[in-house]
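Since the structure comes first, as structure tokens, the remarks are kept for the end.
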Amino acid sequence: MDINNTTEVLSFRLGGEEYALSILKVQEIRGYDAVTRIASAPEYLKGVINLRGIIVPIVDMRIKFGVGNPSYDAFTVVIVLNINGHTIGVVVDSVSDVVTLTPEQIKPAPDLGSSVAAEYLQGLGTVGERMLILLDIDKLLSSEDMGLLAAARSAA
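Structure, rendered in structure tokens:
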């Protein structure tokens, strides 16, 4: 958030929906590279990569949310996030753009039984005809997930 109470978010696509998360959590955006698999990891934890000497767990958000049919090609993108001092990569279908939202453009998230539990949503952002599902990435990658991700880092 800046001094004008606006929020900047990075928008991206998963399946047929457009999602967004705080730009302040984003470290970098990169293409999907081969990962080192971790034995006994949940399906959504694709493995780890070595990013300039840092072991980064890679979570496929499409599998975590159960949306779309995950495929890995030249257009598949990894958003590298910094969450509470941990570096994590999340796989998405594509990255759209950075959007600035005013408080008036953010509405409470209805509980419509979507693929993403309401507890992980900060709300819905409206930009013209676009509807962005605003994720609370800190809650989404819960302490349980963080434990798995830490284990993945140490196993690599």
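So the sequence shown is residues 488 to 643, counted in the numbering used here.
Glycine residues also receive a C-beta, built at the ideal position from the N, C-alpha and C atoms.
Quiz item: Can you tell me the Cα-Cα spacing of Leu622 and Asp547, whole angstroms?
Solution: Within the sequence shown, the letter at position 135 stands for residue 622. Within the sequence shown, the letter at position 60 stands for residue 547. C-alpha of Leu622 to C-alpha of Asp547: approximately 15 Å in a straight line.
Quiz item: Just how far apart, CA to CA, sit Asn537 and Arg517?
Solution: On the sequence shown, residue 537 is found 50 positions in, with the first residue counted as 1. On the sequence shown, residue 517 is found 30 positions in, with the first residue counted as 1. Roughly 13 Å separates the two Cα atoms.
Quiz item: Considering only residues of the stretch 569–610, which uninterrupted beta strand (DSSP E) runs meet the minimum length of 3 residues and lie entirely inside it, listed in chain order?
Solution: Qualifying beta strand (DSSP E) stretches, in chain order: 573–579, 581–588.
Quiz item: Between Ile620 and Tyr531, is the Cβ-Cβ spacing less than 7 Å?
Solution: One-based indexing of the sequence shown puts residue 620 at position 133. One-based indexing of the sequence shown puts residue 531 at position 44. No, the Cβ-Cβ distance between Ile620 and Tyr531 is not below 7 Å.
Quiz item: Would you call the CB atoms of Gly502 and Gly555 closer than 7 Å?
Solution: For the purposes of this step, residue 502 is taken as the residue at position 15 of the sequence shown. For the purposes of this step, residue 555 is taken as the residue at position 68 of the sequence shown. Yes, the pair counts as a contact, with Cβ atoms nearer than the cut-off.
Practice problem: Label Phe562 either buried or exposed according to how many other C-beta atoms from any shown protein chain fall within 10 Å of its C-beta, with 16 as the threshold for buried. | Solution: As a working mapping, residue 562 is identified with position 75 in the sequence shown. Residue environment analysis places Phe562 among the exposed positions, since fewer than 16 neighbouring C-beta atoms fall within 10 angstroms of its C-beta.
Quiz item: Apart from the five residues on each side of it in sequence, which residues of its chain come closer than 6 Å, Cβ to Cβ, to Val577?
Solution: Looking up residue 577 in the sequence shown gives position 90. Around Val577: Val546, Met548, Ile566.
Exercise. Indicate the three-state DSSP secondary structure (helix, strand or coil) for Arg549 in the structure shown.
Key: Your numbering for residue 549 matches position 62 in the sequence shown. Helix.
Quiz item: How is the alpha helix (DSSP H) around Leu627 delimited, first residue to last?
Solution: As a first step, residue 627 must be located in the sequence shown, where it is residue number 140. Counting along the chain, the alpha helix (DSSP H) containing Leu627 begins and ends at 624–627.
Quiz prompt | C-beta atoms of Val614 and Val582 nearer than 7 Å | solution = Within the sequence shown, residue 614 is the residue found at index 127, counting from 1. Within the sequence shown, residue 582 is the residue found at index 95, counting from 1. Their beta carbons are not under 7 Å apart, which means Val614 does not touch Val582 by this criterion.
Quiz item: So who's on the other strand from Val496, going by DSSP bridges?
Solution: Reading the sequence shown from its first residue, position 9 is the one you call residue 496. Per DSSP, Ser509, Val586.
Self-check item: Residue nearest to Pro529 in terms of C-alpha spacing, selected from Pro597, Ile575, Ile550
Solution: Reading the sequence shown from its first residue, position 42 is the one you call residue 529. For Pro529, the nearest C-alpha among the options comes from Ile550.
Quiz item: Using DSSP with H/G/I as helix, E/B as strand and the rest coil, what is Thr563?
Solution: Taking the sequence shown and counting its residues from 1, one reaches residue 563 at position 76. Thr563: coil per DSSP, three-state reduction.
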